[in-house]
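A.B. asks:
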Amino acid sequence: MSINRFPLSIILDAGPAVHQSAGLSRYTTRLAEALLAHQRDRVDLHLFYNAHSGHELPPSLRNVPHHSVPMSQIRWRMTAYGSQLT
Numbered sequence: 405m406s407i408n409r410f411p412l413s414i415i416l417d418a419g420p421a422v423h424q425s426a427g428l429s430r431y432t433t434r435l436a437e438a439l440l441a442h443q444r445d446r447v448d449l450h451l452f453y454n455a456h457s458g459h460e461l462p463p464s465l466r467n468v469p470h471h472s473v474p475m476s477q478i479r480w481r482m483t484a485y486g487s488q489l490t
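The sequence shown lines up with residues 405 to 490 when you count with our numbering.
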């Protein structure tokens with residue numbers, strides 16, 4: 405018996421695409437764009453990011469389901485750091 409494992413749920417941290425304009429930002433944006441362009445029927449892509457600074461997703465990703473977390477920068481970083489320790 406075959407089990408259909410698609411669509412695969414992917415939740416991608418889009419913070420670099422929201423808050424930066426360098427290499428990691430381009431990588432994050434292009435990864436999400438590629439998943440949507442080439443694997444749309446196989447993935448259920450959602451984005452999340454910290455909304456501490458009022459920045460927005462790049463125009464190419466604004467129609468992707470997304471969730472933002474309104475935390476201060478230090479609280480966000482400490483929460484992310486703490487999650488790596490467990």
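Backbone N, C-alpha and C fix where the C-beta goes; we use that ideal spot for every residue, glycine too.
What is the DSSP secondary structure of HIS471, reduced to helix, strand or coil?
C.D. replies: The residue labelled residue 471 in the question sits at position 67 within the sequence shown. DSSP places HIS471 in strand when its eight states are reduced to three.
A.B. asks: Do TYR485 and SER472 have their beta-carbon atoms positioned less than 9 Å apart in this structure?
C.D. replies: On the sequence shown, residue 472 is found 68 positions in, with the first residue counted as 1. On the sequence shown, residue 485 is found 81 positions in, with the first residue counted as 1. In this structure, TYR485 does not lie closer than 9 Å to SER472 by Cβ.
A.B. asks: What's the C-alpha gap between SER425 and PRO463?
C.D. replies: Locating residue 425 in the sequence shown gives position 21, counting from the first residue. Locating residue 463 in the sequence shown gives position 59, counting from the first residue. In a straight line, the C-alpha of SER425 is about 13 Å away from that of PRO463.
A.B. asks: Taking just the CA atoms, how far does SER487 sit from MET475?
C.D. replies: Within the sequence shown, numbered from 1, the residue matching residue 475 stands at position 71. Within the sequence shown, numbered from 1, the residue matching residue 487 stands at position 83. In a straight line, the C-alpha of MET475 is about 15 Å away from that of SER487.
A.B. asks: Terminal residues of the continuous alpha helix (DSSP H) containing LEU440?
C.D. replies: Position 36 of the sequence shown holds residue 440. That run of the alpha helix (DSSP H) goes 427 to 443.
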